[in-house]
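Chains as they are written, first to last, in UniProt numbering: chain A, 1 to 362; chain B, 1 to 299.
Glycine included, every Cβ here is placed at the ideal spot set by N, Cα and C.
Source: prediction; values computed, not measured.
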C-alpha cells in the first residue's frame, strides 16, 4: 500500500481523534459518556497500529512524529491521574502521613539526635556561661531578644500597638482583640513563610547525600539552644518558656520530622540496597516527600499557635498546661493516628517493596 | 532536523539503505526518549534541553514576581489602608509562601505538567513511563528545586548535563522528565505531482528504491522552503547523484546535476505511482475488508 493512499484512508480517523482530544482536554475521562470512551479507546488502539505500520515501513519522520504525538496525547489522557479531592487530603493527614512516619521512624530518631542533642548541649553551655552566646548569636539578635522577652517587651501586649489599627475596626468588633488578632495575623504569615520554608529546604537538601539536612539540623539545633540558654540566663526564662512551650510541640517535632525525611533521601543514595541509586532514590523519595508534606502541615499549625496563642495574655500556669497538652497531642498523633489499619498497610507495603538490608536502618 | 537526516542517510557508509527502526536496540545519545506503553507501542518524546528550560524558568520567574507585585499593589495595599493592615500583611506573606513553594507544584498538578513559562516554551513535565505527572512527584521535584538552585542553578545544570535525559536532581528524585510538546500538525501535501513527469522506463535499470528513500524524498521536497535555494539543491544533489548511479540512469545528465530536486521528484513519481492500477485494486480490497467489523489490518 502506498503512503499517500494510507494517509488518505486513515486521515479521517486521525482527525476524529484529534477533535476528541481537543474536546476532552482538561476534562477527566471518567466524566465522558460511555460510548465516547469506547470509541476513544478503539481509536487509540487503531492509531497505535497506524504508528507501528508507519514505523515499520519507514514512511517518513514527519508523519511518524504526528502520529506519535497523537498516540502520546491519547495515552496521557487514558492514563491520567484520578482527580484529587479534599477527602484524600484528610485521609492523608489522618492516616497516611503518621503511618509513613512510623514506617520510617529510624530516620526521625536520628534527626532528633542531630537536632535536640546539640540543642541541649548549647543550651546548657550558654545558660551557664552567657558570654559564649555571642559566638553563636549575632549582636543585633541579642538586643532584639532582650527587648522581646524583657519586662516591657512585645509579649506584654496591652501597653502598645493601638496606634493605627483601631481607626477602622471600632464599629463591630472589640477593638482590643481586633488589634491583637490583626498584629498576630501578620506574624502568622511571617511564621508560615519563614519556618515552613526552612523545613522544606532542610528536607530538599537531603538529596545532596544528606549533607544539607545534617547541616541545617545541627545549625538550627545549636542556634536555638544558644538562644534559649541566653534568654534564660538574662532572667527572662519564665516569659520565654511559657511563650515557647505551646508551639514548640509542633514546631520542634516537625523540624525533626522534615530532617528525617531529608535523611531518607540521603540514605537512599548512600545505601541503595539492591536497586540502582536512582531507582532507590525515586522509590524512597516518594515516601520521603509525603513525610515532609506532613511536617509542613504541622509547621502551619505551629505557626498558628505561635501567632495567636503563645503571645496571648494568659497566666503562665495555663500556658504550661496547654503546652504540655499539645506535646501530648503531637505524641499521640504520631504514634496512634491510623494505627488500626497499620498492620494491613505494612503488609501491602512490604508485598510491593520487599524490605531490604539498609532500607529501614542506617 | 530534516537536513541532518538527509545527510546521514545518504552518507557513503549507509548508501541508500536506511537503518530500520528497532526500539530499545541501542541507546543513542540524543534528544529522543523512547517509552513503551502497555499497548506495546513505542512512543518517542523529544526531550527539552537546559537552554529551553532556562527560558521557561525566566518566564516563570518574571510572572511570579509580577504576580506578587500586582497582588500587593492592587489588592493588599488598598485593603491595608482600609482595614486590618496586619492581617493583610500576613495574608501577603502566605501568598508569598505559596508563590515560592507552591507555584510550580500547583500549576504542574492542575495544568497537566505545565507551568505558564513551560506552556509558552512548549514544554511539559511527564513521568518517565510517559504518564502524566501527579501531585506527590510534582511536589518532590519542585521541593528539590532548592537543592538544584544552589549557585544559580549550578547543581541543576550540572546534573542535567550529566544525565542522559537532561534531568535535574528534582527530576531524578521524582522520576520525571521535561519534554517538548510538538504541535499536532499533519504534514502537508508534499509534492505537487501532477506537474512532474515520471522518468522514462528506458533510461533506468531494474533497481527499486526502498520505501524509506522514497519518503525521505517526499519529506525533503515537502520542506524545501525551509532551506535556501542553493543549499536545498546542494543537499538534494548528493542524493540525486547517488540514486542516478544506482538506477543506472542514462537519460539527461544535466537533469541530475543541475535540477536535482526535479530529478528526485520524478524518481518519486516513477516509483510510488507507477503501479497505480495495481494499487487501486489493493486499496479496494482493503476497504472491503476493513468495513467488516473486527478486522483491522492494513495490509
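Original post:
Hey, residue 188 of chain A and residue 308 of chain A are a contact pair by Cβ (cut 8 Å); roughly how many whole angstroms apart?
Top reply: Here residue 188 of chain A corresponds to residue number 188 of the first chain, with the count starting at 1. Here residue 308 of chain A corresponds to residue number 308 of the first chain, with the count starting at 1. So it is a contact: roughly 7 Å between Cβ atoms.
Subject >> Extent of the continuous beta strand (DSSP E) run through residue 144 of chain A >> reply: Position 144 of the first chain, counted from the start, is the residue given in the question as residue 144 of chain A. Unbroken run through residue 144 of chain A is the alpha helix (DSSP H), 139-149; no beta strand (DSSP E).
**OP:** Give me the Cα-Cα distance between residue 257 of chain B and residue 181 of chain B, rounded to the nearest whole angstrom.
**Re:** Counted from its first residue, the second chain places residue 257 of chain B at position 257. Counted from its first residue, the second chain places residue 181 of chain B at position 181. Those two C-alpha atoms are separated by around 39 Å.
Original post:
From residue 106 of chain A to residue 149 of chain B, what does the alpha carbon distance come to, in whole angstroms?
Top reply: On the first chain, residue 106 of chain A is found 106 positions in, with the first residue counted as 1. On the second chain, residue 149 of chain B is found 149 positions in, with the first residue counted as 1. Cα-Cα distance, rounded: 29 Å.
Subject >> Backbone secondary structure at residue 124 of chain B - three-state DSSP >> reply: Within the second chain, residue 124 of chain B is the residue found at index 124, counting from 1. Residue 124 of chain B: strand per DSSP, three-state reduction.
**OP:** Just the chain A side, please: which residues come within less than 9 Å of residue 284 of chain B by C-beta, in chain order?
**Re:** Here the question's residue 284 of chain B lines up with position 284 in the second chain. Under the 9 Å cutoff, chain A gives no residues; its nearest Cβ is about 11 Å from residue 284 of chain B.
Original post:
Can you name the residues of chain B whose CB is closer than 7 Å to the CB of residue 309 of chain A?
Top reply: Along the first chain, one-based indexing puts residue 309 of chain A at 309. Under the 7 Å cutoff, chain B gives no residues; its nearest Cβ is about 15 Å from residue 309 of chain A.
Original post:
Who are the Cβ neighbours of residue 50 of chain B in its own chain at under 8 Å, not counting the five residues just before and after it?
Top reply: By one-based count along the second chain, residue 50 of chain B stands at place 50. Cβ within range, chain order: 157, 160, 161, 166.
Subject >> Cβ contact (3+ pairs, closer than 8 Å) linking the stretch 196-206 of chain A and the stretch 294-301 of chain A >> reply: Touching, per the Cβ criterion.
Original post:
On the three-state DSSP scale, how would you describe residue 33 of chain B?
Top reply: Here residue 33 of chain B refers to the residue found at position 33 of the second chain. Looking at residue 33 of chain B - three-state DSSP - the assignment turns out to be strand.
Subject >> alpha helix (DSSP H) segment containing residue 105 of chain B, residue limits >> reply: Looking up residue 105 of chain B in the second chain gives position 105. Residue 105 of chain B -> alpha helix (DSSP H) spans 85-110.
Original post:
Taking 7 Å as the CB-CB limit, is residue 166 of chain B close to chain A?
Top reply: Counting from 1 along the second chain, the entry for residue 166 of chain B is found at position 166. No - not a single Cβ of chain A is within 7 Å of the one on residue 166 of chain B.
Original post:
Using 8 Å as the Cβ pair cut-off and three pairs as the minimum, do the stretch 284-293 of chain A and the stretch 256-266 of chain A touch?
Top reply: yes
Original post:
Excluding five sequence neighbours on each side, which residues of the same chain lie with their C-beta closer than 7 Å to the C-beta of residue 209 of chain A?
Top reply: Here residue 209 of chain A is taken as the residue at index 209 of the first chain, counted from 1. Contacts found: 266, 269, 270.
Subject >> Three or more C-beta pairs below 8 Å linking the stretch 73-91 of chain B and the stretch 99-115 of chain B >> reply: Because the criterion of three Cβ pairs below 8 Å is not met, the stretch 73-91 of chain B and the stretch 99-115 of chain B do not touch.
Subject >> residue 172 of chain B CB to nearest heavy atom of the ligand ZN below 6 Å >> reply: Judged by which ligands are present, the structure shown has none, so any question about the ligand ZN falls away.
Original post:
With respect to the alpha helix (DSSP H) encompassing residue 206 of chain B, which residues constitute its N-terminal and C-terminal limits?
Top reply: As a working note, residue 206 of chain B is residue 206 in the second chain. It is not in any alpha helix (DSSP H) - residue 206 of chain B carries neither H nor E in the DSSP assignment.
Original post:
Exposed or buried, which one is residue 68 of chain A when buried takes at least 16 other CB atoms within 10 Å?
Top reply: Position 68 of the first chain holds residue 68 of chain A. Buried, since its Cβ has 16 or more Cβ neighbours within 10 Å.
Subject >> 7 Å Cβ cutoff met for residue 144 of chain B and residue 169 of chain B >> reply: Locating residue 144 of chain B in the second chain gives position 144, counting from the first residue. Locating residue 169 of chain B in the second chain gives position 169, counting from the first residue. Contact flag set, yes.
Subject >> Closest by C-alpha distance to residue 97 of chain B, when choosing among A/113, A/184, A/50, A/190 >> reply: In the second chain, counting from the first residue as 1, residue 97 of chain B sits at position 97. Comparing Cα-Cα distances from residue 97 of chain B to each of A/113, A/184, A/50, A/190, the minimum goes to A/190.
Original post:
What is the C-beta distance between residue 19 of chain A and residue 74 of chain A, in whole angstroms, given that I count them as a contact (C-beta under 8 Å)?
Top reply: One-based indexing of the first chain puts residue 19 of chain A at position 19. One-based indexing of the first chain puts residue 74 of chain A at position 74. With 8 Å as the limit, residue 19 of chain A and residue 74 of chain A do not qualify as a contact, their Cβ atoms being about 12 Å apart.
Original post:
What residue does the alpha helix (DSSP H) around residue 127 of chain A start on, and which one ends it?
Top reply: Numbered from 1 along the first chain, position 127 holds the residue referred to as residue 127 of chain A. Here the alpha helix (DSSP H) through residue 127 of chain A covers 105-128.
Original post:
Run through DSSP, which three-state label would residue 280 of chain A get?
Top reply: Translated into the one-based positions of the first chain, residue 280 of chain A becomes position 280. Helix at residue 280 of chain A.
Original post:
When you compare only the Cα positions, how much space is there between residue 123 of chain A and residue 228 of chain A?
Top reply: Position 123 of the first chain, counting from 1, holds the residue named residue 123 of chain A. Position 228 of the first chain, counting from 1, holds the residue named residue 228 of chain A. Whole-angstrom Cα-Cα distance: 6 Å.
Original post:
So, using beta-carbon positions, are residue 240 of chain B and residue 260 of chain B closer together than 7 Å?
Top reply: Walking along the second chain from the start, residue 240 of chain B turns up at place 240. Walking along the second chain from the start, residue 260 of chain B turns up at place 260. In this structure, residue 260 of chain B lies closer than 7 Å to residue 240 of chain B by Cβ.
**OP:** Please look up how many angstroms separate the CB atoms of residue 205 of chain A and residue 147 of chain B, rounded, as I've assumed it's under 8 Å.
**Re:** Locating residue 205 of chain A in the first chain gives position 205, counting from the first residue. Locating residue 147 of chain B in the second chain gives position 147, counting from the first residue. The Cβ separation is near 5 Å, so the contact holds.
Original post:
Can you tell me the Cα-Cα spacing of residue 42 of chain A and residue 221 of chain B, whole angstroms?
Top reply: The residue labelled residue 42 of chain A in the question sits at position 42 within the first chain. The residue labelled residue 221 of chain B in the question sits at position 221 within the second chain. Between residue 42 of chain A and residue 221 of chain B, the C-alpha separation is close to 34 Å.
Subject >> Spatial neighbours of residue 131 of chain B in its chain, beta-carbon cut-off 8 Å, leaving aside the 5 residues before and after >> reply: Stepping through the second chain from its first residue, residue 131 of chain B is reached at position 131. Listed in chain order, the non-local C-beta contacts of residue 131 of chain B below 8 Å within the same chain number zero, local neighbours out to five positions each way being set aside.
Subject >> Interface partners of residue 75 of chain A on chain B, CB under 7 Å >> reply: Counting from 1 along the first chain, the entry for residue 75 of chain A is found at position 75. Chain B residues near residue 75 of chain A: 37, 43, 130.
**OP:** Report yes or no: do three or more beta-carbon pairs, one from the stretch 318-331 of chain A and one from the stretch 239-249 of chain A, lie closer than 8 Å?
**Re:** Between the stretch 318-331 of chain A and the stretch 239-249 of chain A, the count of Cβ pairs shorter than 8 Å is three or higher; the stretches touch.
**OP:** Please name the residue in B/252, B/81, B/67, B/127 whose C-alpha comes closest to that of residue 202 of chain B.
**Re:** Here residue 202 of chain B corresponds to residue number 202 of the second chain, with the count starting at 1. Comparing Cα positions, the closest option is B/252.
**OP:** Using a Cβ cut-off of 8 Å, pull out every chain B residue sitting near residue 190 of chain A, in sequence order please.
**Re:** Your numbering for residue 190 of chain A matches position 190 in the first chain. Among the residues of chain B, those whose CB is under 8 Å from the CB of residue 190 of chain A are 90, 93, following chain order.
**OP:** Check each candidate in A/329, A/52, A/215 and name the one with the smallest Cα separation from residue 246 of chain A.
**Re:** Numbered from its first residue, the first chain carries residue 246 of chain A at position 246. Ranking the options by Cα distance to residue 246 of chain A, first place goes to A/329.
Subject >> Inter-residue CB distance, residue 126 of chain A and residue 117 of chain A (contact presumed, cutoff 8 Å) >> reply: By one-based count along the first chain, residue 126 of chain A stands at place 126. By one-based count along the first chain, residue 117 of chain A stands at place 117. Actually they do not touch by this definition, with Cβ atoms about 15 Å apart.
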